[in-house]
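Colleague:
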Amino acid sequence: MEWREESKQTMSWNGTISNREAKEAVAAQLAAKVQDGQVIGFGSGSTSLLAAYAIAKRVKEEGLNITAIPTSQEMQITCNNLGIPTATLLQKRPDWCFDGADEVDPHGWLIKGRGGAMYREKLVMACSPVRYILVDDSKMVKSLGEKFSIPVECQFEAVNYVREQLFALGAEYVDMRLAKSKDGPVITEHGNFILDARFTNVQEDLESKLIQIVGVVETGLFIGFDPIILCS
Ligand code: 5RP
0 MEWREESKQT MSWNGTISNR EAKEAVAAQL AAKVQDGQVI GFGSGSTSLL AAYAIAKRVK
60 EEGLNITAIP TSQEMQITCN NLGIPTATLL QKRPDWCFDG ADEVDPHGWL IKGRGGAMYR
120 EKLVMACSPV RYILVDDSKM VKSLGEKFSI PVECQFEAVN YVREQLFALG AEYVDMRLAK
180 SKDGPVITEH GNFILDARFT NVQEDLESKL IQIVGVVETG LFIGFDPIIL CS
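In numbering that gives the first Met the number 0, the protein residues as written are 0 to 231.
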């Protein structure tokens, strides 16, 4: 039995998509890579949303059969609305994945997690043999931390301890991410908090140091994934 159209939850971007033209160009490049029968990890954020639209257009026009593994509830609902079948990592493994990023450095190291979805984004990326990162050129930096803090998802009771450890690792400041349409902190899809930690001069071992802090669930520092960067 199908849901009636008016019962279905819709999903639109909350606000204006920055650099939309450049993001659409890179989304079109990505959509051209999709082949019939593939299982694809779908990232989160506005660039990934535009890529999902471009892929859905090809699916519809060419009758392609693909399966998406969404990295967030936002992308799960988007795929449902676009008629793209979805699966979880318990059922299928991606042939490849795509996602956006907040910063990309010359090594292909990334800061992600502006949308708070870094745990599933990193999990899907880890499970994918090939990874595409879609960015406009405002995201390219000489060194990570130029513009963005590193989001650190942590459990509620660990919040003071994690803050202390972040400062001990050299964070200049640490802000708890606050919700916009709710009082108090952002609560992630996994029921945790996000601390945005400002680091400059990020070294290769920082990601493993962060993840070793007791109470940290995941971080938005993505090092060593060797992604293919599509930039416009
Ligand atoms: C969400 C993310 C996004 O991929 C990243 O923030 C880029 O977003 P946008 O494409 O909207 O610029 O990591 O958690």
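Just so you know, even glycine gets a beta-carbon here, dropped at the ideal spot from N, CA and C.
Note down, one range per segment and in chain order, each alpha helix (DSSP H) of at least 4 residues found wholly within the stretch 36-103.
Modeller: 45-61, 72-81
Colleague: Under the three-state reduction of DSSP, which class applies to A30: helix, strand or coil?
Modeller: Translated into the one-based positions of the sequence shown, residue 30 becomes position 31. Looking at A30 - three-state DSSP - the assignment turns out to be helix.
Colleague: Between the alpha carbons of M74 and P226, how many angstroms are there, rounded?
Modeller: Along the sequence shown, one-based indexing puts residue 74 at 75. Along the sequence shown, one-based indexing puts residue 226 at 227. The alpha-carbon atoms of M74 and P226 are separated by roughly 20 Å.
Colleague: Just verifying my parser: in three-state terms, what is the DSSP assignment at E188?
Modeller: Your numbering for residue 188 matches position 189 in the sequence shown. Here E188 sits in coil by DSSP.
Colleague: Assuming the contact rule is C-beta atoms closer than 8 Å, Q37 and I54 should be a hit. Round their C-beta distance to whole Å, please.
Modeller: By one-based count along the sequence shown, residue 37 stands at place 38. By one-based count along the sequence shown, residue 54 stands at place 55. Their Cβ separation, rounded to whole angstroms, is 10 Å, which puts Q37 and I54 out of contact at 8 Å.
Colleague: Kindly provide the chain-ordered list of residues whose Cβ lies closer than 5 Å to any non-hydrogen atom of the ligand 5RP.
Modeller: S43, G44, S45, T46, G99, D101, K111, G112, R113, G114, A116
Colleague: Taking contact to mean 3 or more Cβ pairs, one atom from each stretch, closer than 8 Å, check whether the stretch 69-87 and the stretch 20-36 are in contact.
Modeller: no
Colleague: Tell me whether A196 sits in a helix, a strand or coil according to DSSP, three-state version.
Modeller: Here residue 196 is taken as the residue at index 197 of the sequence shown, counted from 1. A196 sits in a strand when the DSSP states are folded into three classes.
Colleague: Write down the C-beta distance between I228 and I132 rounded to the nearest angstrom, noting that I regard them as a contact closer than 8 Å.
Modeller: For the purposes of this step, residue 228 is taken as residue 229 along the sequence shown, with counting starting at 1. For the purposes of this step, residue 132 is taken as residue 133 along the sequence shown, with counting starting at 1. Sure, about 5 Å apart at Cβ, within 8 Å.
Colleague: List the whole-angstrom C-beta distance separating T70 from V151, where the pair is believed to meet the contact cut-off of C-beta under 8 Å.
Modeller: Position 71 of the sequence shown, counted from the start, is the residue given in the question as residue 70. Position 152 of the sequence shown, counted from the start, is the residue given in the question as residue 151. Actually they are not in contact, since the Cβ atoms of T70 and V151 sit about 18 Å apart, beyond 8 Å.
Colleague: Taking I149 as part of the beta strand (DSSP E), name the residues at either end of that continuous run.
Modeller: Position 150 of the sequence shown, counted from the start, is the residue given in the question as residue 149. Unbroken beta strand (DSSP E) run through I149: 149-153.
Colleague: Measuring straight from C-alpha to C-alpha, what distance separates T9 and T77?
Modeller: Along the sequence shown, read from residue 1 onward, the residue named residue 9 stands at position 10. Along the sequence shown, read from residue 1 onward, the residue named residue 77 stands at position 78. In a straight line, the C-alpha of T9 is about 7 Å away from that of T77.
Colleague: Nearest CA to the CA of C230: which residue from D98, E5, G82?
Modeller: For the purposes of this step, residue 230 is taken as the residue at position 231 of the sequence shown. When only C-alpha atoms are compared, the closest one is D98.
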